[in-house]
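Structure, as structure tokens:
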Amino acid sequence: MLRNAPTSNRSDPHLIAGVDEVGRGPLAGAVVAAAVILNPKKPILGLLDSKLLDEAKRDVLDREIRKKALAFCVAEASVSEIDQLNILHASMLAMQRAIEGLGVAPNLVLVDGNRCPVMEYPCQAIVKGDQRVQAISAASIIAKVFRDRQMVELHKIHPEFGFDRHKGYPTAQHRAAIMQFGVTPMHRQSFAPVRNALMTKKDTTQA
């Protein structure tokens, strides 16, 4: 979990936390969530849904968000938690951890999507919130940058899979690599392509 130190009074009416997650769709790696409370006195230009920004722009905004935000926290749910809970509940868990790790109690939490994780604060889910609410956009950016860097590090351990390019998503190249090389401990065994590859390997071994 990565977070900054508390920097604001709990009675501040501007304590609105934006929350988003990345990594529901990949076949490998953790699901990562971020919570961000922006500082209205330090505006950040160019905040958009992370998927609409190129890598260089995300990196620039990631640094600016971390520098200017009143509070932020990046958290995750592990591959084993994804396999145990399913990806939806693991995503909710990652968001809970991000909110709890802020160090500042928000007055309102705005979450991208159509449901809120269980929490002690007032919460509203906003469909396409990462395109409509700057705090959610900021959360999507730092979560995306954090997870992408994790996958680049994983690529150094397993370069044959190409994690630095597809970031664990089920591209044709990734699926082919799974069939050729098997799976790593960072692959989600509850996901069908990974589970099917394991079953195919087991059948081949027993034949």
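Numbering-wise (our numbering), the sequence shown opens with residue 32 and increments by one.
C-beta: ideal position from N, C-alpha, C; glycine also.
Between the C-alpha atoms of residue 206 and residue 64, what's the straight-line distance to the nearest angstrom? Counting from 1 along the sequence shown, the entry for residue 206 is found at position 175. Counting from 1 along the sequence shown, the entry for residue 64 is found at position 33. Approximately 25 Å, taken between the alpha carbons.
If I measure Cβ to Cβ from residue 199 and keep anything under 7 Å in the same chain, skipping five residues before and after, which residues do I get? Taking the sequence shown and counting its residues from 1, one reaches residue 199 at position 168. Cβ within range, chain order: 57, 58, 59, 60 and 182.
In three-state terms, what does DSSP make of residue 151? Working through the sequence shown from its first residue, we reach residue 151 at position 120. If DSSP states are grouped into helix, strand and coil, residue 151 belongs with coil.
Hey, which unbroken runs of the alpha helix (DSSP H) at 4 residues or more fall wholly within the stretch 113 to 142? Here the runs fully enclosed are 118 to 131.
Nearest-angstrom Cα separation, counted from residue 167 out to residue 49: The residue given as residue 49 occupies position 18 in the sequence shown. The residue given as residue 167 occupies position 136 in the sequence shown. Computed Cα separation, rounded: 4 Å.
DSSP three-state assignment for residue 100, whether helix, strand or coil: Locating residue 100 in the sequence shown gives position 69, where the first residue counts as 1. DSSP places residue 100 in coil when its eight states are reduced to three.
Over the uninterrupted beta strand (DSSP E) stretch that includes residue 51, give me the two end residues. Numbered from 1 along the sequence shown, position 20 holds the residue referred to as residue 51. Where residue 51 is concerned, the enclosing beta strand (DSSP E) stretches over 47 to 53.
Starting from residue 156, follow its DSSP beta bridges and name the residues at the other end. As a first step, residue 156 must be located in the sequence shown, where it is residue number 125. In DSSP, residue 156 forms a bridge with 142.
Measure the C-alpha to C-alpha separation of residue 201 and residue 218 and round it to an integer number of angstroms. Stepping through the sequence shown from its first residue, residue 201 is reached at position 170. Stepping through the sequence shown from its first residue, residue 218 is reached at position 187. Approximately 11 Å between the Cα atoms of the pair.
Identify which residue in 230, 189 and 72 has its Cα closest to the Cα of residue 45. Position 14 of the sequence shown, counted from the first residue, corresponds to residue 45. For the residues 230, 189 and 72, the minimum Cα distance to residue 45 belongs to 72.
Is DSSP giving residue 75 helix, strand or coil here? Against the sequence shown, residue 75 aligns to sequence position 44. Of the three classes helix, strand and coil, the one that applies to residue 75 here is coil, per DSSP.
Keeping to the same chain, check which residues put their C-beta closer than 8 Å to that of residue 92; ignore five residues upstream and five downstream. Here residue 92 is taken as the residue at index 61 of the sequence shown, counted from 1. 75, 77, 78, 84, 169 and 172, listed in sequence order.
Round the Cβ separation of residue 117 and residue 221 to the nearest angstrom and send it over; I've been treating them as touching at under 8 Å. Counting from one through the sequence shown, the residue named residue 117 turns up at place 86. Counting from one through the sequence shown, the residue named residue 221 turns up at place 190. Confirmed, Cβ separation roughly 7 Å.
Considering only residues of the same chain and omitting the five flanking positions on each side of residue 231, which have a CB-CB separation below 6 Å? Your numbering for residue 231 matches position 200 in the sequence shown. Within the same chain, residue 231 has no close Cβ partners at all.
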